[in-house]
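See structure below.
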Amino acid sequence: MDTTHCAVDGWVDAIPAPGPRDTVSFDLIVRPADIDTLADDAPDTVVSCTSGDPRITHALLTGIQPGDLLRVIGTLVPPQTPGQDAHLTVDALEVLDTALIPVLSDMVLDRYADYLVVFDGERDQVPVFTTSGRWVGLADNADAIATLIDTDQRVNGGDA
């Protein structure tokens, strides 16, 4: 079996997963240094990584998120058959860059006591319901939610 001790820079593909006997596994997406000379549809390389080092395991399970750029150093075993991923046993880890914090652009539900509101990144207006599902109204914007809820509590007694 041909192994190499090397450093690999790549992006974390998914949340690292705990494994057996206090190990962790994760996939790195690696782009070749000469990416500009490759065809647009050239596939990225996936390197499957594992580590049993407690410090690395802790860092991966508590502080790493998809999209983070890492440099991992360890022992690389090339794929045994074409189409399989290379495997790297990680001895050292360095975070080169962190992923951007995702911006909410989908719908988000929020609760205000007995009221539910639906925030939609594409609209200013905010639908308001009671927790029992009764329609309260449409607030013109997030700042108008409190006024709509106060009016509903005076008129209908809240979620009655």
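At the far end of the sequence shown sits residue 1093, using my numbering, and the numbering has no gaps.
In this text, a Cβ means the ideal position worked out from N, Cα and C, and glycines have one as well.
Every value quoted in this text rests on a predicted model; they were computed, and no experiment measured them.
8 Å Cβ shell around residue i - same chain, five flanking residues per side excluded
i     : result
N1074 : D1057, Q1058 and V1059
G952  : S958 and T983
L993  : P949, V957, F959, S984 and L1026
D955  : G985, P987 and T990
Outcome for residue i when other beta-carbon atoms lying within 10 angstroms are tallied against a minimum of 16
i     : result
A940  : exposed
P949  : buried
G1090 : exposed
L1037 : Bear in mind that a pLDDT of 49 at L1037, under 50, signals an unreliable position, so the number given afterwards is only what the model happens to contain. Exposed.
D1076 : exposed
Helix, strand or coil at residue i [DSSP, three-state]
i    : result
I997 : coil
P976 : coil
T990 : helix
G943 : strand
P953 : coil
I948 : coil
D935 : coil
CB-CB length for residue i against residue j, believed under 8 Å
i     : j     : result
L1029 : V980  : That pair is no contact at about 15 Å.
L877  : V1005 : There is no way to answer for residue 877, as the model of the chain reaches only from 934 to 1093.
D1047 : T1064 : 5 Å
V1088 : A1072 : Between A1072 and V1088 the Cβ distance is about 15 Å, and since that is not below 8 Å, they are no contact.
D1024 : D986  : 7 Å
I1078 : V1050 : 6 Å
Y1045 : I1082 : 6 Å
Same chain, Cβ closer than 7 Å to residue i, neighbours up to 5 away in sequence not counted
i    : result
I962 : G943, W944, D946, D977 and V979
Close beta carbons around residue i, own chain, < 6 Å, minus the five adjacent residues each side
i     : result
D937  : The sequence given here has Thr at residue 937, not Asp. Here the set comprises L1009.
L1002 : W944, L1029 and D1030
| field | Entirely enclosed beta strand (DSSP E) segments - the region 1004-1089, minimum 3 residues | value | Every unbroken stretch of the beta strand (DSSP E) spanning 3 or more residues and falling wholly within the region 1004-1089 is given here in chain order: 1019-1030, 1040-1045, 1048-1053, 1059-1063 and 1068-1072.
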